[in-house]
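Trainee: I have a structure I would like to understand better, so I am pasting it below and will then ask my questions one at a time.
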Amino acid sequence: MPSFKSIFAAVAFLALANAKTVKITAKNDNRFDPDSTTAEKGDILEFHFEGSQHSVVAGDYDFPCSPLQLGSGFFSGSVAGSSGKVFRVQVNNSEPIAFYSAQGNDCASGMVGIVNPSANQTLENYKGRASKLARAVSPGNATFGGELASDGSSDDSKSGQDDKKNGKDDKKNSAGMIHVSTVALAGVFGAALYMF
């Protein structure tokens, strides 16, 4: 009879194996493509950047172009399209997630999006209210709530405030979103193999 540990390891591995990656691109023409999408718990939102500087911030739906309460959500920091970087965020529930670019007037110009829109939280409503604002609110300069990595890589940008000399930020915050590193995935896979 299988032990509880082996069943748990198998379930955890299957959940991770079923996760999908949802690609969202910050385009040259100051819009996200797609600007409305769906994702399930465990899926990865992977933001790609084109052209000039853009960012992606988890927004407060009730206050367009404003970040979620301090200490929650995610922020990519300012990312140039030429950097070859992507920003990955793991979804931890199926609730709507509004997001926007905090660069200049990108948000007010329509550079907003929503994951898992609902009847009460639509892209059209969020975008319409955002268009009445002059500028977006940036939650700061440091990346948090996700992983800024090289495109095609699943490695973390393992650096924080103490390692800004390398040009990388890595402030993780699991409130609202969770981050699973490659090491954690390998650990779950290894544990599952060991148990069987």
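Mature numbering (1 follows the signal peptide of the UniProt record, and there is no 0) puts the sequence shown at residues -19 to -1, 1 to 177.
Ideal Cβ positions, reconstructed from N, Cα and C, are used throughout, including at glycine.
Note down, in chain order, each residue of its chain lying with its Cβ closer than 6 Å to the Cβ of T2, except the 5 sequence neighbours on either side.
Mentor: Position 21 of the sequence shown, counted from the start, is the residue given in the question as residue 2. Hits under 6 Å: I25, E27.
Trainee: Leaving out five residues before and five after R110 in sequence, what residues of the same chain have Cβ atoms less than 8 Å from its Cβ?
Mentor: Here residue 110 is taken as the residue at index 129 of the sequence shown, counted from 1. Within the same chain, R110 has close Cβ partners P45.
Trainee: Rank G52, N11, F13, P15 by C-alpha distance to the C-alpha of G127 and give the top, closest one.
Mentor: Here the question's residue 127 lines up with position 146 in the sequence shown. Per the Cα distances, G52.
Trainee: Could you give the DSSP three-state label for K22: helix, strand or coil?
Mentor: Counted from its first residue, the sequence shown places residue 22 at position 41. Here K22 sits in coil by DSSP.
Trainee: May I have the straight-line CA-CA distance separating P77 from P15, to the nearest angstrom?
Mentor: Numbered from 1 along the sequence shown, position 96 holds the residue referred to as residue 77. Numbered from 1 along the sequence shown, position 34 holds the residue referred to as residue 15. For P77 and P15, the distance between alpha carbons rounds to 15 Å.
Trainee: So, is the C-beta of A123 closer than 9 Å to a C-beta in chain C?
Mentor: As a matter of chain content, chain C is missing from the structure shown, which is built from one protein chain.
Trainee: Rank N106, R69, V118, N97 by C-alpha distance to the C-alpha of C88 and give the top, closest one.
Mentor: If you number the sequence shown from 1, residue 88 lands on position 107. The option with the nearest alpha carbon to C88 is V118.
Trainee: Quick check: what's the CA-CA separation for R116 versus S90?
Mentor: In the sequence shown, residue 116 corresponds to position 135, counting from 1. In the sequence shown, residue 90 corresponds to position 109, counting from 1. Approximately 9 Å, taken between the alpha carbons.
Trainee: Is it right to say A100 is buried, meaning 16 or more other beta carbons lie within 10 angstroms of its own, or is it exposed?
Mentor: Looking up residue 100 in the sequence shown gives position 119. With fewer than 16 Cβ atoms within 10 Å of its Cβ, A100 is classed as exposed.
Trainee: Taking the alpha carbon of A79 as the reference point, which residue from F125, P120, S63, S47 has its own alpha carbon closest?
Mentor: In the sequence shown, the residue the question calls residue 79 occupies position 98. Ranking the options by Cα distance to A79, first place goes to S47.
Trainee: How many Å lie between K8 and S82 at the Cα?
Mentor: The sequence position of residue 8 within the sequence shown is 27, counting from 1. The sequence position of residue 82 within the sequence shown is 101, counting from 1. K8 and S82: Cα-Cα distance of roughly 11 Å.
Trainee: Looking at the unbroken beta strand (DSSP E) that takes in K66, where does it start and where does it end?
Mentor: As a working mapping, residue 66 is identified with position 85 in the sequence shown. Element bounds for K66: 66 to 72.
Trainee: Can you give the beta carbon distance from A130 to R69, rounded, assuming they're within the 8 Å contact cut?
Mentor: For the purposes of this step, residue 130 is taken as residue 149 along the sequence shown, with counting starting at 1. For the purposes of this step, residue 69 is taken as residue 88 along the sequence shown, with counting starting at 1. The pair is a contact, with the Cβ atoms about 6 Å apart (cut-off 8 Å).
Trainee: Using DSSP bridges, identify the partner residues of S131.
Mentor: Within the sequence shown, numbered from 1, the residue matching residue 131 stands at position 150. Paired residues: K66.
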